[in-house]
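Undergrad:
Numbering (my numbering), first residue to last: 1499 to 1761.
This is how it looks when you write it as structure tokens:
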């Protein structure tokens, strides 16, 4: 399902260049797509996540002077508890958040590590409505990946972890306050929003706010049952192609999701 990405120009293919992001007042009832980045728009578990995990563990070892097993425990525990390891580290330890984000998202050859579905730009461009990236990763990394995928221009905004913080604290998915503030700033309603995400806990938490939820499983490591979905998931898909309007199944799934966004 995925293919290795070659180094590419950030320009879109010619057929997509005429698709410009509208800056006019958003139309009420139009779907607002919130795409996660890692393991949603690309296959992060292939090479990027293993490298990030190694870098996080080493950073914790060096900064906190702990053994590797303890560093791994802190990394995984804070990720599960807060949605991002950064939040736990900054709340409980004297960690410089900007230095941490820079250190663990620096790669010697990012283009060689990025893999994604074929035809990704066409898939995203075909979806109706507004499109945002909503990621717990830092902006520089997110934009670098989007440029490699040649889809950066298809999104109205990249909402990275730096943009999720407020005056008091860092925030990340699945924080409710952060999403409320983000949608309000984007002049979007909860009833119009559709989150496409690989992390079930994020979908579960945000479903309570009334948004549409799509669980994408094609890039997840390990074995998952081939069918079935939790009650808080509106659609379960393996590939973003299933949201594509050019196929019958894609039209049906998109129709079911976008119908709920109309007043």
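All residues carry an ideal CB built from backbone N, CA and C; glycine is no exception. The structure presented is a predicted model; accordingly, all values stated were derived computationally and were not measured.
#1: Mind checking whether residue 1531 and residue 1629 have CB atoms under 7 Å apart?
#2: Between 1556, 1609, 1708, which has its C-alpha nearest residue 1602's C-alpha?
#3: What residue range is occupied by the uninterrupted alpha helix (DSSP H) comprising residue 1598?
#4: My output table needs one value for residue 1720: the three-state DSSP class, helix, strand or coil.
#5: Evaluate residue 1691 with the Cβ neighbour count: other Cβ atoms within 10 Å of its Cβ, from every protein chain shown; 16 or more gives buried, anything less gives exposed.
#6: Span of the beta strand (DSSP E) holding residue 1691?
#7: Helix, strand or coil: how does DSSP classify residue 1547 here?
#8: Is the beta carbon of residue 1732 closer than 7 Å to that of residue 1708?
#9: Out of curiosity, what's the CA-to-CA distance linking residue 1682 and residue 1700?
#10: In whole angstroms, what is the alpha-carbon distance linking residue 1638 and residue 1587?
#11: Indicate whether the contact test is met: 3 or more Cβ pairs, each with one atom in the segment 1605-1620 and one in the segment 1564-1583, closer than 8 Å.
#12: Tell me, please, which residues DSSP counts as bridged to residue 1533.
TA: Straight from the coordinates:
#1: yes
#2: 1556
#3: 1595-1602
#4: In the structure shown, residue 1720 sits in coil (DSSP, three-state: anything other than H, G, I, E or B).
#5: buried
#6: Annotation: the continuous beta strand (DSSP E) that includes residue 1691 extends over 1691-1695.
#7: helix
#8: no
#9: Between residue 1682 and residue 1700, the C-alpha separation is close to 19 Å.
#10: If I take the Cα positions, the gap works out to 20 Å.
#11: Here the segment 1605-1620 does not lie against the segment 1564-1583, with fewer than 3 beta-carbon pairs under 8 Å apart.
#12: DSSP output for residue 1533 lists 1631, 1694 as bridge partner(s).
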